[in-house]
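Working notes, beginning with the structure itself.
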């Protein structure tokens, strides 16, 4: 974390002063963060989203209200960031990794765009990820499974412990449905930090008879919601699990005075 912290200090801490939703997880964080962002956009908020990896272009990683950053804007941030990196190198510090540089670009872009909230996906793990320099409104862990074991650990408890590194003192935590081993690690960490835990298992989503290959019709109930007959374009049961995490997160934001209604979800 020394490299990203030093780089952000060089850039005069663009990450400070923004509202964040911080999303980690072995699977589902991409879809979940996209759903959270789209609901917030529908509610009228200006929303930045930082995701990885990209499919075709680095521009995909940086969006504001669903629009990718322009090429020339991205290059200007990269050039500016590299100038500050050269100052670090002259002090004998290490060159930041590619992901650290891109994370610094995201913070600068969202700060200058004056987004109302930024949804940040963790790149890998949690504890030592370069996104883990923020104080979010809510932290999210979608799932825990074996991934990047060379870096995150060879047991589920170790992987869960690394992802639990995004939990912040008294910041609410939303989790997907976790296995007992991961759940124990994460709930213990949250309790130690006074972070209330909200499981997506408290929200029920049932598919309706009108579901088709073009999408699903679902009934949502729980965690502050009652939405019968909601049309949902993503297919697969796993996407319903992601939706449950996203909706639980949105309900936490409602409790933090975000004005989000059922009609915004239906959009």
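In our numbering, the protein residues as written are 15 to 281. Think of the CB as a built atom: it goes at the ideal place given N, C-alpha and C, for glycine as much as any other residue.
Whole-angstrom distance between residue 181 and residue 235, CA atom to CA atom: 27 Å
Supposed contact pair residue 129 and residue 60 - C-beta distance, whole angstroms, cut 8 Å: 5 Å
Residue 105, buried or exposed, once every other Cβ within 10 Å from all chains shown has been counted against 16: exposed
N- and C-terminal bounds of the beta strand (DSSP E) containing residue 233: 230 to 236
Residue range of the unbroken beta strand (DSSP E) whose run includes residue 220: 218 to 221
Cβ contact check for the segment 88 to 99 and the segment 127 to 142: 3 or more pairs under 8 Å: no
Simplified DSSP assignment, three categories, for residue 243: strand
Supposed close pair residue 136, residue 38 - CB separation, criterion 8 Å: 4 Å
With 16 other Cβ atoms within 10 Å as the buried cut-off, status of residue 152: buried
8 Å contact criterion, which residue 257 and residue 246 should meet: CB distance rounded: 7 Å
Straight-line Cα distance separating residue 254 from residue 72: 28 Å
Exposure of residue 160, with buried meaning 16 or more beta-carbon neighbours within 10 Å: exposed
Distance between residue 15 and residue 209 (C-alpha atoms, nearest Å): 23 Å
Delimiting residues of the beta strand (DSSP E) encompassing residue 64: 61 to 64
Bridge partner(s) assigned by DSSP for residue 36: 134 and 153
Best match in 214, 31 and 65 for proximity to residue 44 [C-alpha to C-alpha]: 65
Residue span of the alpha helix (DSSP H) that contains residue 124, given as start and end: 112 to 127
Residue 86 classed as buried or exposed, judged by whether at least 16 other C-beta atoms fall within 10 angstroms: exposed
Cβ neighbour criterion (16 or more within 10 Å) applied to residue 29: buried
For residue 40 and residue 158, believed in contact at Cβ under 8 Å, the rounded distance: 6 Å
In chain order, each alpha helix (DSSP H) run of at least 4 residues that lies wholly inside the segment 163 to 219: 163 to 166, 170 to 177 and 194 to 207
Spatial neighbours of residue 145 in its chain, beta-carbon cut-off 7 Å, leaving aside the 5 residues before and after: 36, 117, 134, 136 and 137
Among 241, 103, 274 and 219, the one whose alpha carbon lies nearest that of residue 259: 219
Residue 239 versus residue 281 - alpha carbon distance: 15 Å
Straight-line gap, residue 34 to residue 63 (C-alpha atoms, nearest Å): 10 Å
Expected contact under 8 Å - CB spacing of residue 252 and residue 42 to nearest Å: 7 Å
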